[in-house]
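Structure first, commentary second.
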Amino acid sequence: MQHQGLKHRSDIHLTRKLAHCVGICFIAAVFNLAGLKIAWIILICVSLFIIPLDILRQKNEALNKATLRVFGPFMRKHEAHAISGMTYLYLGCMVLLLFNDRHLITLTLLFLAFGDPIASFFGIRYGKDKIIGNKTLQGTMAAFVVCAIVAGVYCYFNNLMTERLLIVAPLSGLIGAVAELAPVGKLDDNFTFPVIAATLLYVLFKVYGGFAV
């Protein structure tokens, strides 16, 4: 009863998905407009607030209640007394910035911003065929389609691997689907998705000349 207003994993939770998309697009915009150094500074400053708060609220009920009042609309029920997806997201973004390539980082962020929440929506709303854990064929296919479209559009407008676009786009979609589907222990997918996607995109860029631009 205490946290009855919080959503479950099985809820569509559009508020969380919209905030996820807008927040990550903001990170991508800052990175592209201000550069890697400023992106690091902003990410570290925000993380120095979010991560300690996430840890300390586990030990202080008053702080936890205050946090839930502010961030409750964006949180899930299991996060009420556990590390939230936001902490994993910022940690994942820190690892992502280590790849130090504008196109690779931006494309991974766009996969995370659009592919992950849309896959979740389709998996919850239409998912019938379970693949791994709670992941469904329908959600995974949604991730594939969205990430393939995002990669195709991004590469076309940035003149990136355009001569191989008919190969690169579907392979990018496959990368997004694998990143959305692959379980890595009990780690949150806000961390694993960008790390897996960026690692596989790195291989794709190496093979098809994505680093030449």
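Counting from 319, one number per residue, gives the positions in the sequence shown under the numbering used here.
Where is the CB? At the ideal position from N, CA and C, for every residue including glycine.
Being a predicted model, the structure only gives us computed values, none of them experimental.
Using a Cβ-Cβ cutoff of less than 7 angstroms, which residues in the same chain neighbour residue i once the five nearest sequence positions on both sides are dropped?
i    : result
I450 : L499 and P501
So for residue i, helix, strand or coil by DSSP?
i    : result
K453 : strand
K325 : strand
R375 : coil
A437 : helix
M459 : helix
A400 : coil
P370 : helix
Name the residue from the options whose alpha carbon lies nearest to the alpha carbon of residue i.
i    : options                   : result
F462 : F344, V513, L414 and G441 : G441
G457 : V468, P435 and V413       : P435
Y526 : D329, C473, A337 and F511 : C473
G494 : A398, A516 and I401       : A516
F432 : V340, K325, G528 and R387 : V340
F523 : C411, A487, F475 and V496 : A487
M412 : G503, A469 and A346       : A346
For residue i, list the residues DSSP reports as bridge partners.
i    : result
K535 : A query on residue 535 cannot be resolved here, the shown segment of the chain reaching from 319 to 531 and no further.
R420 : BP columns for R420 are empty, so no partner.
R394 : K325
Counting only the same chain and skipping the five closest in sequence on each side, list residues whose C-beta sits under 6 angstroms from that of residue i.
i    : result
R334 : F392
I585 : In the structure as shown, the chain begins at 319 and stops at 531. Residue 585 is therefore absent and cannot be evaluated.
N382 : R375
V464 : F432, G433 and I436
Can you give me the C-alpha to C-alpha distance between residue i and residue j, rounded to a whole angstrom?
i    : j    : result
F389 : H331 : 13 angstroms
R482 : S490 : 12 angstroms
I342 : R327 : 20 angstroms
V348 : L354 : 9 angstroms
Y408 : L361 : 7 angstroms
V471 : R375 : 42 angstroms
K448 : L422 : 30 angstroms
T480 : G528 : 10 angstroms
V513 : L414 : 6 angstroms
Can you list, in chain order, the residues of its chain with a C-beta nearer than 8 angstroms to that of residue i? Leave out the 5 residues immediately preceding and following it.
i    : result
V521 : none
A614 : Any question about residue 614 goes unanswered here, given that the chain covers just 319 to 531.
R443 : I330
I485 : Y526
C363 : none
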